[in-house]
Amino acid sequence: MSASLLAPALAWSGYLRRRVDAHPDLAAWLESAARHPVTPNALASWQAELAGPQAPETLPVDQCREVLRRLRERVFTALMVRDVAGQASLEEVVGAMSALADLAVAAAYRSVAAELAQVHGLPRDPATGAPQEMLIVGMGKLGGCELNVSSDIDLIMLYGEEGETEGPRRISHHEFYGRLTRRMMPVLSEVDAHGQVFRTDLRLRPDGDAGPPAWSLDALEHYLVAQGREWERYAWLKARLIPAQAFPDSDCAAQARQLESLRVPFVYRKYFDFDALSSLRSLRERIRQDWQRRALARNGVDTAHNIKLGDGGIREIEFVVQLFQLVRGGRMPALQRRGLLAALHAERDAGLVSPDDAANLEAAYRFLRRVEHVLQYREDEQTHLLPGDPAQRARLAAALGMDADAFETTLAAHRGFVSRMFRNAFRLAGVGGDDAPGASPCATPGCPAPAADDAESRLAMQIRQAFGDEADDLLRRAESLLDSHRIRALPDSSRRRLDALLPAAVQAALQTPAPREAAIRLFDLIETIAQRSAYLALLAEYPDTLARVARMVAASPWAAQNLTQSPLLLDSLIDWRTLFESVDFAQLARQLAADLDACVLPDGDPDIERQMNLMRDIQRQVSFQLLAQDLEGQLTVEKLADQLSALADMLLAETVRRVWPLVNRVPGAEPRFAVIAYGKLGGKELGYASDLDLVYLFDDPREDAAEVYAKLGRRMTSWLSTMTSSGRLYETDLRLRPDGEAGLLAVSVEAFEQYQLKHAWAWEHQALTRARYAAGDTAVGARFERIRAEVLVQPRDTAALRTEVLAMRDKISAGHPNHSGDFDLKHDRGGMVDVEFATQYLVLCHAATHRVLVNNLGNIALLRLAAEAGLISAGLAQRAGDAYRTLRRMQHQLRLQGIEKARVPQDQLTEERAAVSELWTQVLGDAPDAPPGPQGKSA
1 MSASLLAPAL AWSGYLRRRV DAHPDLAAWL ESAARHPVTP NALASWQAEL AGPQAPETLP
61 VDQCREVLRR LRERVFTALM VRDVAGQASL EEVVGAMSAL ADLAVAAAYR SVAAELAQVH
121 GLPRDPATGA PQEMLIVGMG KLGGCELNVS SDIDLIMLYG EEGETEGPRR ISHHEFYGRL
181 TRRMMPVLSE VDAHGQVFRT DLRLRPDGDA GPPAWSLDAL EHYLVAQGRE WERYAWLKAR
241 LIPAQAFPDS DCAAQARQLE SLRVPFVYRK YFDFDALSSL RSLRERIRQD WQRRALARNG
301 VDTAHNIKLG DGGIREIEFV VQLFQLVRGG RMPALQRRGL LAALHAERDA GLVSPDDAAN
361 LEAAYRFLRR VEHVLQYRED EQTHLLPGDP AQRARLAAAL GMDADAFETT LAAHRGFVSR
421 MFRNAFRLAG VGGDDAPGAS PCATPGCPAP AADDAESRLA MQIRQAFGDE ADDLLRRAES
481 LLDSHRIRAL PDSSRRRLDA LLPAAVQAAL QTPAPREAAI RLFDLIETIA QRSAYLALLA
541 EYPDTLARVA RMVAASPWAA QNLTQSPLLL DSLIDWRTLF ESVDFAQLAR QLAADLDACV
601 LPDGDPDIER QMNLMRDIQR QVSFQLLAQD LEGQLTVEKL ADQLSALADM LLAETVRRVW
661 PLVNRVPGAE PRFAVIAYGK LGGKELGYAS DLDLVYLFDD PREDAAEVYA KLGRRMTSWL
721 STMTSSGRLY ETDLRLRPDG EAGLLAVSVE AFEQYQLKHA WAWEHQALTR ARYAAGDTAV
781 GARFERIRAE VLVQPRDTAA LRTEVLAMRD KISAGHPNHS GDFDLKHDRG GMVDVEFATQ
841 YLVLCHAATH RVLVNNLGNI ALLRLAAEAG LISAGLAQRA GDAYRTLRRM QHQLRLQGIE
901 KARVPQDQLT EERAAVSELW TQVLGDAPDA PPGPQGKSA
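Reading the sequence shown from the start, the letters are residues 1 to 939 in full-length UniProt numbering.
1) With three or more beta-carbon pairs closer than 8 Å as the criterion, would you say the region 634-644 touches the region 655-667?
2) Can you give the Cα-Cα distance for D83 and D380, rounded to whole angstroms?
3) Let me check understanding here. Comparing Cα to Cα, which of E221, F198, R532 and A359 lies closest to M97?
4) Checking the sheet assignment: what are the DSSP bridge partners for N306?
5) Spell out the partners DSSP gives F823 in its beta bridges.
6) Which same chain residues end up closer than 8 Å to A550 when comparing Cβ atoms and leaving out the 5 residues on each side of it in sequence?
7) Grab the span of the alpha helix (DSSP H) containing D393 for me, first residue to last.
8) Using DSSP's beta-bridge definition, name the partner residues of D192.
9) Out of T803, L857, L568 and L801, which has the shortest C-alpha to C-alpha gap to E638?
10) For a test of the three-state rule: what should DSSP assign to V666, helix, strand or coil?
11) Would L376 and N148 be called neighbours here (beta carbons separated by less than 8 Å)?
12) Tell me which residues share the same chain as Q227 and place their Cβ nearer than 8 Å to its Cβ, disregarding the 5 neighbours each side in the sequence.
13) Taking the alpha-carbon of P671 as reference, which of G129, R657, K680 and K684 has the nearest alpha-carbon?
14) Cβ of R888 within 8 Å of Cβ of M832?
15) Given a cut-off of 8 Å, decide if V805 and Q756 are closer than it, judged by their beta-carbon atoms.
16) Once DSSP output is grouped into helix, strand and coil, what is the label at R548?
17) Is it right to say P515 is buried, meaning 16 or more other beta carbons lie within 10 angstroms of its own, or is it exposed?
18) Does the contact criterion of 3 or more C-beta pairs under 8 Å hold for the region 733-748 versus the region 691-704?
19) Taking only the alpha-carbon atoms, compute the straight-line gap between P606 and V708 and give it to the nearest angstrom.
20) Would you check if there are 3 or more beta carbon pairs closer than 8 Å linking the region 108-120 to the region 211-226?
21) Across the region 835-847 and the region 904-920, are there enough close Cβ pairs to call them in contact, namely three or more that are closer than 8 Å?
22) Would you call R770 buried or exposed, if buried means 16 or more other Cβ atoms sit within 10 Å of its Cβ?
23) Quick check on W920: does DSSP put it in helix, strand or coil?
24) For W761, count the other beta carbons within 10 Å of its own beta carbon; 16 or more makes it buried, fewer makes it exposed. Which is it?
25) Can you give me the C-alpha to C-alpha distance between K684 and L640, rounded to a whole angstrom?
26) Using beta carbons (cut-off 8 Å, strictly below), is F823 in contact with chain B?
27) Measure the CB-CB distance between R796 and C845 and report whether it falls below 8 Å.
28) For A767, which residues of its own chain have a beta-carbon under 6 Å away from its beta-carbon, when the five flanking residues on both sides are left out?
29) In whole angstroms, what separates the C-alpha of K811 from that of T578?
30) Here's the rule: buried if 16 or more other CB atoms are within 10 angstroms of the residue's CB, otherwise exposed. What is T39?
31) Measure the CB-CB distance between L712 and V675 and report whether it falls below 8 Å.
32) Please determine, among V320, K238 and T722, the residue with the shortest C-alpha to C-alpha distance to G138.
33) Between D403, R370 and G312, which has its C-alpha nearest F417's C-alpha?
34) Rounded to the nearest angstrom, how far is the Cβ of I153 from that of L142, given a contact under 8 Å?
35) Beta-carbon separation of A866 and V916 under 8 Å?
36) Give me, in chain order, the residues of the same chain whose beta-carbon lies closer than 6 Å to that of R337; leave out the 5 immediate sequence neighbours on both sides.
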């Protein structure tokens, strides 16, 4: 290969340059290998070469790991050189990566299965006596043979029949395949000196992380029939059995047929499927909003830079194509294709997508996938973010063989078209293509009576009269609502009730401080509950309840979103007085425990999914009760935080009780394990959507303590954070444990004590000031509290501590840049973080001589105690405490309005900021680096 063909990849990819510099033989190899397409045959040849001529067909696990990692580097770099030089098609790139994944999974499976079989014997089919293979299912892009060059692989592990292995150390098939799965994953995904092969993800299996790693086909069938959810239909659409054989004389053809007989009817429903529209729309929006929330929180990147999840991105193309498959595929088997382009062509051939639209979608898909790959070649990262820097974007364009202007024009055109197709996809999939060509819309069951047209006209007139110049968007929303599948499918009785409800909703919205927003949010809610006659009746026939709902959704988009996502919360509105009663957490805990005990499967085992959903429902219902009281002004911010923290403590305690039997194998053993809360939960300052900062401690002499409590920690985290049909209980963050992400998931009390006394950084002691025992074994919790107190009263070099605190404050500022021109209530100088840092510094400096400061009482109370001890003036403690209270209250009010970053104009809260700055100066003797200026932050 000529040097000029290698040059484009070297010019673009820092990863390739580093690899070539470190391994000059790689460049020589590429000069020869990249002359030819990267095919499955080429992969097999490279694998054999790397393994060596004397290598057995099934490699030992350690050798298998190394060979696969070296093979992955060859495939990745060869594809990079060919692709950036314009020599490789999309089909070659994704085909080669998918073939590599198939080869790697099969090789890892053979190696690990051979080792296990030597110890435990072969698993055999009880009916035939033949060796029974594990069925490895590739999901998502792997299933569709569409992997990108830096992709994860999603796997589900299955097997045929239950039974026992035949060896001297027999174990059940369930345990055999579970161990096989767990031992396979590091072979593929663990990073070592040779890198990794693929990041692997098993969370698409039934029950996600809460379920066993490998499932029998019978168990899978039961799950899909009894519990399979709409998003899992989406996940199983591309599912493909990876060809992998570990045992001679095995034959898994029957099991493969059984698997497909389960998959097809689950994914592709026989009848026209309206429900898929709403479920898939919610899934797509949840994924996108979750990414956007994380991206904005971390670095301010918006979706315009994300070619996968952003507007007009790859995800929207996939969504359009797969939406038609799920809605129509049950009646049109030709649409049952795993590959996206094959499915798009089938939809074009079926007349569902016009030839021009199909061609434009395909062109957009090919372009965006190539951009995706070139982005990932640069540093071998799983990224989908376009560079924000114009010079870097120009280099990206050059790597694609384009000039900068042509790239931007082409990108904008493709994304604009995809976005328009996406907006129209729901209407096309849900309305077009009637079974009887030319039939009147009113020929279908549930069509509204003719009088509905008059009702719609009256509604339109009411909206125009009420909102005047602002009526247009409301009219569009009303039209969309009335044309939605939920409304069109209503029986006449419900439609008549709806015709009465909509004008009443508009009238109720007019009585609120934000009429337009209230009306839009009420329309969203009504569309969600339209097919639930009890909820329609509640709002249509009880004007007071409708007025209350209108006030809630007008006051808070967050409240409106909660009601729309969980209409069951409307049950709380039937008895308005109960909604405003104080929460009795002791009674609530007793009732929750009884309800969870009743969630059992027919065999008597706990129904884990029902239990997880029940806990999520309780969390939503209690949070909604507190929200109602909050919006009516019955709760201070401090009282609300106390209540939300108490709710989290209760749910954490119940989670420990439910998860412990799933990991413990010692009869009668109780968990000597405690959950330690840090951050907002530790300081009892939890908000409605706060994450939980947790550390898991144990104090148990059993020999397997480290292993069993690590499992308990993993299952706890999964139980809390897994997304189920009822949502997610809490997002969790475990990075405050000793050694952070590199540390053990669950830590012994002794190790925790030694770490805190001898190795912890100053910022970790700062964090400890807000830590507390939250749930689990009280004895372990009490020991933690003793350790915490011992750490906090240690003598300290105050000058060194001050230096470290200032450095950490600067780091916090750098990590939360604010270029808005407004004042960030939390992170800018003079904001909440300054109060928290100053208070923590006071505790760490003076707790040894003023033990009262050890108590975790909250910042305001600690400032008061510091004043009583003579550490700061009483007036300053009062002013700073009041300022902190005001900042928290303002932050809370902004969050209720759906504003993620709590910021206000610079001319507001000047007295509060001055009080905080005075506290900072008096405590740390160091004024903020710069006074609040145009950007509201220090330099």
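For each residue, glycine too, the CB sits at the ideal point set by N, CA and C.
On the basis of the coordinates in this document:
1) Cβ pair count under 8 Å is below three, so no.
2) Put simply, the backbone Cα of D83 is about 14 Å away from that of D380.
3) Of the listed residues, the one whose Cα sits closest to M97 is F198.
4) Partner residues in the beta bridge of N306, as assigned by DSSP, are L385.
5) Looking at the DSSP assignment, F823 forms a beta bridge with V904.
6) Contacts found: A505, A508, A509, Q511, T512, A518 and L522.
7) First, the amino acid is wrong: residue 393 is Arg here, not Asp. Taken as a continuous stretch (DSSP letters only), the alpha helix (DSSP H) holding R393 covers P390 to A399.
8) BP columns for D192 point to G195.
9) Residue L857 is the option with its Cα nearest to E638.
10) Note: V666 maps to coil in three-state DSSP.
11) The sequence shown places Gln at residue 376, rather than the Leu named in the question. With a cutoff of 8 Å on beta-carbon distance, Q376 and N148 are scored as near each other.
12) Same-chain partners within the cutoff: P206 and E609.
13) For the residues G129, R657, K680 and K684, the minimum Cα distance to P671 belongs to R657.
14) Remark: C-beta atoms of R888 and M832 approach each other more closely than 8 Å.
15) The Cβ atoms of Q756 and V805 lie no closer than 8 Å to each other.
16) Helix at R548.
17) It counts as buried.
18) These segments touch.
19) Here the alpha carbons of V708 and P606 stand approximately 20 Å from one another.
20) Counting C-beta pairs with one atom in each stretch, the region 108-120 and the region 211-226 have fewer than three that are closer than 8 Å, which means they do not touch.
21) Contact between the region 835-847 and the region 904-920 is present, because at least three Cβ pairs lie under 8 Å.
22) Buried is the call here.
23) Helix at W920.
24) Label assigned to W761: exposed.
25) Rounded to the nearest angstrom, the two C-alpha atoms are 10 Å apart.
26) Structure shown: chain B not included; a single protein chain is present.
27) Taking 8 Å as the Cβ cut-off, R796 and C845 qualify as a contacting pair.
28) Non-local beta-carbon contacts of A767 in its own chain, meaning distances under 6 Å to residues more than five positions away in sequence, involve Y678 and L736 in chain order.
29) Distance from the CA atom of K811 to the CA atom of T578, rounded to whole angstroms, is 47 Å.
30) With fewer than 16 other Cβ atoms within 10 Å, it is exposed.
31) The Cβ atoms of L712 and V675 do not sit closer than 8 Å to each other.
32) The residue with the shortest Cα to Cα distance from G138 is K238.
33) Of D403, R370 and G312, the residue nearest in Cα terms is G312.
34) Rounded, the Cβ-Cβ distance is 5 Å, consistent with contact.
35) No, Cβ-Cβ distance for A866 and V916 is not below 8 Å.
36) Sequence-distant partners of R337 (beyond 5 residues in either direction) whose C-beta falls short of 6 Å from its own C-beta, in its chain, are A343 and A346.
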